Amino acid sequence: MKIRKAVIPAAGLGTRVLPASKAMPKEMLSIVDKPAIQYIVEEAARSGIEDILIITSRGKTTVEDHFDRSPELEQRLLAAGKTELYEQMVAISSLANITYVRQKETRGLGHAILCARSFVGNEPFAVLYGDDVILGENPVCRQLCDAYDQYGLGVVGIKEVTPEQIKKYSSMKVEPLSGRQFKITDMVEKPATPEQAFSLYSILGRCVLPPQIFDILESIPYGVGGELQLTDAMKVLAQRETMIGVDFEGRRYDMGSKLGILQAIVEVGLSHPETGSAFREYLKGIAGTL
Ligand code: UTP
Numbered sequence: 323m324k325i326r327k328a329v330i331p332a333a334g335l336g337t338r339v340l341p342a343s344k345a346m347p348k349e350m351l352s353i354v355d356k357p358a359i360q361y362i363v364e365e366a367a368r369s370g371i372e373d374i375l376i377i378t379s380r381g382k383t384t385v386e387d388h389f390d391r392s393p394e395l396e397q398r399l400l401a402a403g404k405t406e407l408y409e410q411m412v413a414i415s416s417l418a419n420i421t422y423v424r425q426k427e428t429r430g431l432g433h434a435i436l437c438a439r440s441f442v443g444n445e446p447f448a449v450l451y452g453d454d455v456i457l458g459e460n461p462v463c464r465q466l467c468d469a470y471d472q473y474g475l476g477v478v479g480i481k482e483v484t485p486e487q488i489k490k491y492s493s494m495k496v497e498p499l500s501g502r503q504f505k506i507t508d509m510v511e512k513p514a515t516p517e518q519a520f521s522l523y524s525i526l527g528r529c530v531l532p533p534q535i536f537d538i539l540e541s542i543p544y545g546v547g548g549e550l551q552l553t554d555a556m557k558v559l560a561q562r563e564t565m566i567g568v569d570f571e572g573r574r575y576d577m578g579s580k581l582g583i584l585q586a587i588v589e590v591g592l593s594h595p596e597t598g599s600a601f602r603e604y605l606k607g608i609a610g611t612l
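The numbering of the sequence shown is our numbering, which starts it at 323 and goes up by one.
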């Protein structure tokens with residue numbers, strides 16, 4: 323079944339990037355000249371997704387404004403002869419059919435996904451975490467949708483992380499399948515000790531889930547940090563019918579962390595047509611002084 327719908331959870335408090343995220347959603351933090359969430363919506367659109375639900379919360383209305391038309395700005399750009407910029411602005415509002423729902427309390431990623439139940443209905447759907455920007459030729463969401471097509475099982479995007487990082491992420495029990503694909507039979511969220519971790523493979527930012535995930539989310543208890551954990555629901559799915567892990571191709575930037583934001587800005591800045599060459603010279607200049 324073709325994956326047509328995607329959910330972008332963007333209702334978190336972003337405590338790791340305060341004070342930047344106090345009055346501005348971290349998903350709206352800019353990488354050079356584009357907010358993080360626009361890269362994510364573009365990835366979904368390039369993957370063939372038609373309908374997107376963004377989960378927002380109080381103080382996040384700038385996300386809706388960003389994907390809306392902006393008549394006054396558009397008129398001003400047209401009058402000034404800035405046609406290319408005008409077209410770029412209009413194109414943002416037609417990337418996909420975007421709707422919004424509010425998560426009224428920040429009770430975890432699993433709870434945010436539950437808010438998407440009536441939007442999703444009875445079909446498989448993609449999830450793109452609102453603060454994980456992944457760049458590359460082949461959009462990661464499409465890599466995962468292709469694996470769903472192939473196996474008809476839930477799919478998670480995975481990468482190996484360091485032993486330090488695994489404590490803060492999830493850990494997957496993996497068996498090689500073919501190429502970049504793995505069978506996943508179990509998982510654990512934020513393993514407290516190295517013994518609790520199955521491997522250094524962790525879910526990073528993307529998954530494709532069957533609609534059964536909603537019943538599972540309704541039935542499991544709140545987990546680590548008093549939050550309803552999506553990983554706990556996927557664990558049930560993995561144990562019940564196995565899931566597929568795709569060690570995806572793409573460069574990931576965690577826009578929910580200070581270092582991730584810096585890495586994204588440096589790398590995108592270096593390849594940006596307007597800033598690339600001047601920024602490269604600037605970096606070469608300061609690199610010698612480090
Ligand atoms: P994170 O755990 O990275 O977001 O969730 P957070 O809670 O904002 O992070 P910190 O620890 O306080 O800095 C991954 C994605 O899930 C969304 C976030 O907005 C982020 O895009 N999320 C998280 C929700 O939509 N609702 C929640 O209750 C929690």
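For glycine and all other residues, C-beta sits at the position ideal for the given N, C-alpha and C. These numbers come from a predicted model, not from an experiment.
### 8 Å Cβ shell around tyrosine 473 - same chain, five flanking residues per side excluded
Residue mapping note: residue 473 aligns to position 151 of the sequence shown, counting from 1. Excluding positions up to five away in sequence, the list reads Ile566.
### Task
Taking glutamate 367 as part of the alpha helix (DSSP H), name the residues at either end of that continuous run.
Sequence index remark: in the sequence shown, residue 367 carries index 45 (1-based). Strictly speaking, residue 367 in this sequence is alanine, with glutamate absent from that position. Where alanine 367 is concerned, the enclosing alpha helix (DSSP H) stretches over 358-368.
### Message
If you reduce the DSSP assignment to three classes, tell me which class alanine 342 lands in.
### Response
As a position in the sequence shown, residue 342 is number 20, starting the count at 1. Looking at alanine 342 - three-state DSSP - the assignment turns out to be coil, as it is neither helix nor strand.
### Query
How would you call proline 357, buried or exposed, if buried means at least 16 neighbouring beta carbons within 10 angstroms?
Locating residue 357 in the sequence shown gives position 35, counting from the first residue. Per the 10 Å Cβ criterion, buried.
### Run of the beta strand (DSSP E) containing cysteine 437, from where it starts to where it stops
Numbered from 1 along the sequence shown, position 115 holds the residue referred to as residue 437. Careful: cysteine 437 lies outside any beta strand (DSSP E) and carries neither H nor E.
### Task
Hey, could you find the ends of the beta strand (DSSP E) tyrosine 422 is sitting in?
If you number the sequence shown from 1, residue 422 lands on position 100. Run containing tyrosine 422: 419-424, per the beta strand (DSSP E) assignment.
### Task
Check whether the Cβ of serine 352 lies closer than 8 Å to any heavy atom of the ligand UTP, and answer yes or no.
The sequence position of residue 352 within the sequence shown is 30, counting from 1. Not under cutoff, so the answer is no.
### Message
I need the straight-line Cα distance from glycine 443 to leucine 550, nearest angstrom please.
### Response
For the purposes of this step, residue 443 is taken as the residue at position 121 of the sequence shown. For the purposes of this step, residue 550 is taken as the residue at position 228 of the sequence shown. Cα to Cα, the separation comes out at about 20 Å.
### Task
Throw me the rounded Cβ distance for the alanine 345 and phenylalanine 447 pair, which I believe falls under 8 Å.
Here residue 345 refers to the residue found at position 23 of the sequence shown. Here residue 447 refers to the residue found at position 125 of the sequence shown. Alanine 345 to phenylalanine 447, Cβ: 31 Å. No contact.
### Residue from Glu511, Leu436 and Leu417 with nearest C-alpha to lysine 426
Position 104 of the sequence shown, counted from the first residue, corresponds to residue 426. If we check each option's Cα against that of lysine 426, Leu436 comes out closest.
### Task
Report the three-state DSSP secondary structure of glutamate 497 (helix, strand or coil).
Translated into the one-based positions of the sequence shown, residue 497 becomes position 175. In the three-state reduction of the DSSP assignment, glutamate 497 falls in the strand class, which pools E and B.
#### Entry: Range of the contiguous beta strand (DSSP E) that encloses alanine 328
Against the sequence shown, residue 328 aligns to sequence position 6. Note, alanine 328: beta strand (DSSP E), 327-331.
### Query
Leaving out five residues before and five after alanine 586 in sequence, what residues of the same chain have Cβ atoms less than 7 Å from its Cβ?
If you number the sequence shown from 1, residue 586 lands on position 264. Once the five neighbours on either side are set aside, the close Cβ partners of alanine 586 are Ile353, Val455, Tyr575 and Met577.
### Query
Do the segment 526-541 and the segment 401-418 meet, that is, are 3 or more Cβ pairs less than 8 Å apart?
no
### Pick from Lys481, Val590, Ala555 and His594 that is closest to alanine 434, judged by C-alpha positions
Locating residue 434 in the sequence shown gives position 112, where the first residue counts as 1. Comparing Cα-Cα distances from alanine 434 to each of Lys481, Val590, Ala555 and His594, the minimum goes to Ala555.
### Query
Is alanine 332 near glycine 452, with beta carbons less than 9 Å apart?
Stepping through the sequence shown from its first residue, residue 332 is reached at position 10. Stepping through the sequence shown from its first residue, residue 452 is reached at position 130. Result yes, Cβ atoms of alanine 332 and glycine 452 sit closer than 9 Å.
### Query
Can glycine 334 be considered in contact with the ligand UTP, in the sense that its beta carbon sits closer than 8 Å to one or more heavy atoms?
Along the sequence shown, read from residue 1 onward, the residue named residue 334 stands at position 12. Yes, since a heavy atom of the ligand UTP falls inside the 8 Å radius drawn around the Cβ of glycine 334.
### Task
Can you tell me which of Ala366, Met509 and Thr515 puts its alpha carbon nearest to the alpha carbon of isoleucine 525?
Walking along the sequence shown from the start, residue 525 turns up at place 203. The shortest Cα separation from isoleucine 525 among Ala366, Met509 and Thr515 belongs to Met509.
### Task
Could you tell me if the beta carbon of alanine 328 falls within a distance shorter than 8 Å of some heavy atom in the ligand UTP?
For the purposes of this step, residue 328 is taken as residue 6 along the sequence shown, with counting starting at 1. Flag unset: Cβ of alanine 328 not near the ligand UTP.
### Query
Does the Cβ-Cβ distance between tyrosine 408 and glutamate 394 come in under 9 Å?
Numbered from 1 along the sequence shown, position 86 holds the residue referred to as residue 408. Numbered from 1 along the sequence shown, position 72 holds the residue referred to as residue 394. Going by C-beta atoms, tyrosine 408 is not nearer than 9 Å to glutamate 394.
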